[in-house]
Structure formats: C-alpha cells, structure tokens
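So the structure is just underneath, and the comments pick up after that.
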Amino acid sequence: MSADENQGRAVSEEQETVTEDYLTDDENAALDAIESAEDETQGAGSAPAREKAPLREFTEEIITVGRRKEAVVRLRLSLGTGKFTLNGRSLENYFPNRVHQQLVKSPLVHADREGSVDVRATLHGGGISGQAGALRLALSRALIEASPEDRPALKVAGFLTRDARATERKKYGLKKARKAPQYSKR
1 MSADENQGRA VSEEQETVTE DYLTDDENAA LDAIESAEDE TQGAGSAPAR
51 EKAPLREFTE EIITVGRRKE AVVRLRLSLG TGKFTLNGRS LENYFPNRVH
101 QQLVKSPLVH ADREGSVDVR ATLHGGGISG QAGALRLALS RALIEASPED
151 RPALKVAGFL TRDARATERK KYGLKKARKA PQYSKR
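Residue numbers for the sequence shown follow the UniProt record's numbering, beginning at 1 and rising by one.
Rendered as structure tokens:
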C-alpha cells in the first residue's frame with residue numbers, strides 16, 4: 001500500500017483511534033483529548049455511575065445567548081430526542097469537522113443529557129471556531145436553566161466561562177496589532 005493510499009484514514013492499532021486526513025495534528029490531538037475525556041466521564045473508573053436527576057419539566061423553550069470572538073448564538077432548548085438544528089441545517093452539515101461537533105456536544109456529555117433535548121440555534125458572525133465556542137456556551141447556560149444540579153459538572157469543565165479572548169486592535173504606526181514596519185539601518 002502506497003503512502004497516497006494510506007493517507008485517507010490511518011488507524012492506530014494500540015489506541016484504535018481514527019485520524020482524519022483533513023485535520024491538522026493539533027486538531028487530531030484535541031479530538032483525542034475530547035474522546036478520552038468522554039471515556040472518563042462515561043464510567044471508565046470503578047466508581048458506580050450516579051443516577052442523574054431528570055430534567056425539570058419545562059413547557060416553553062429555554063432561550064439563551066452565547067458569544068465567542070465576533071460570533072453570537074441564540075439557542076432554544078426543548079425536550080426531545082437529541083436533534084440539533086443550526087440555521088436550518090443539521091449539526092453534521094453545519095460543522096463538518098468532528099472536533100467542532102464534539103466541542104458543541106461536550107456540555108451534553110458532561111451533564112449526561114445526550115438524546116434528551118432538542119437544540120435549535122441561530123448562529124451569525126465570526127468564523128466556524130468562534131461559532132462552535134459560542135454554541136457550547138449557550139448550550140451550557142440552557143442546560144443549567146433546565147437542570148440546576150448540572151452546574152457543578154459544567155463549571156468544573158469550564159463550559160460556563162465566557163472566553164474573552166478576541167483580536168487585538170491594530171495600532172497606528174504599525175502594520176498590525178504588534179508587527180512593526182520593516183527596519184532599514186541605512
């Protein structure tokens with residue numbers, strides 16, 4: 001088998017993890033970290049799985065907002081079967097990158113609520129990564145409104161913290177925020 005044929009998917013025998021050819025090494029490492037965190041939360045340890053309290057019954061949709069960089073997400077959470085509708089498209093269609101899909105689903109995994117709620121969201125502004133981060137924050141906030149006992153797990157995982165990092169402004173006299181014009185000694 002040539003290197004070109006093996007480039008599509010490479011399966012590691014000892015870890016049995018699949019790496020996608022369109023992902024960078026950093027994204028593959030992030031994907032592996034997310035998958036290992038999911039394995040730990042799904043009972044890889046010897047502790048018995050604690051019974052999750054049911055979601056409080058809510059008749060109306062829970063509406064929350066999440067922001068990241070320039071992206072803004074308005075999310076509606078309702079009881080359902082785990083269906084995601086993002087700007088009228090499915091999660092897999094809107095975020096084809098598996099890293100972003102798992103980033104968005106991570107609050108549901110940590111709160112052990114997969115398949116119990118439907119998510120409808122309108123996303124605008126920013127890029128793919130910013131929108132995924134904003135959606136994760138909005139979903140975390142909605143889960144807390146639906147089930148306050150999930151707050152400690154989501155807080156420890158860092159899902160309730162608004163990531164304040166944004167692009168630094170350009171300064172006059174410089175090419176970019178910090179890049180100086182080329183210096184010529186003579």
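Heads up, the beta-carbon is just placed ideally off N, CA and C, and yes, glycines get one too.
Query raised in the report: For G66, does the three-state DSSP call read helix, strand or coil?
Result: Taking the first residue of the sequence shown as 1, we reach residue 66 at position 66. Three-state result, G66: strand.
Query raised in the report: By a C-beta neighbour count over all protein chains shown, 10 Å radius and 16 as the cutoff for buried, is S184 buried or exposed?
Result: Here residue 184 corresponds to residue number 184 of the sequence shown, with the count starting at 1. Answer is exposed; the Cβ neighbour count stays below 16.
Query - Counted within 10 angstroms of its Cβ, other Cβ atoms place Q182 as buried (16 or more) or exposed - result: The count along the sequence shown starts at 1 and reaches residue 182 at position 182. Classification of Q182: exposed, given that the 10 Å Cβ count is below 16.
Requested in this report: Report the three-state DSSP secondary structure of A47 (helix, strand or coil).
Outcome: Working through the sequence shown from its first residue, we reach residue 47 at position 47. Its pLDDT being 46, under 50, A47 is placed unreliably by the model, and nothing is read from it.
Query raised in the report: For the segment 166-179 against the segment 103-112, are there 3 or more C-beta pairs whose distance is under 8 Å?
Result: no
Query - G66 versus K175, R98, T161, L154, residue with shortest Cα-Cα distance - result: If you number the sequence shown from 1, residue 66 lands on position 66. Here the closest residue by C-alpha is T161.
Query raised in the report: Cβ atoms of E92 and R76: under 8 Å apart, would you say?
Result: As a working note, residue 76 is residue 76 in the sequence shown. As a working note, residue 92 is residue 92 in the sequence shown. Cβ distance not < 8 Å, so R76 and E92 don't count as in contact.
Query - Cα-Cα separation between V72 and G82, rounded to whole angstroms - result: Taking the first residue of the sequence shown as position 1, residue 72 is located at position 72. Taking the first residue of the sequence shown as position 1, residue 82 is located at position 82. Taking the straight line from one Cα to the other gives about 22 Å.
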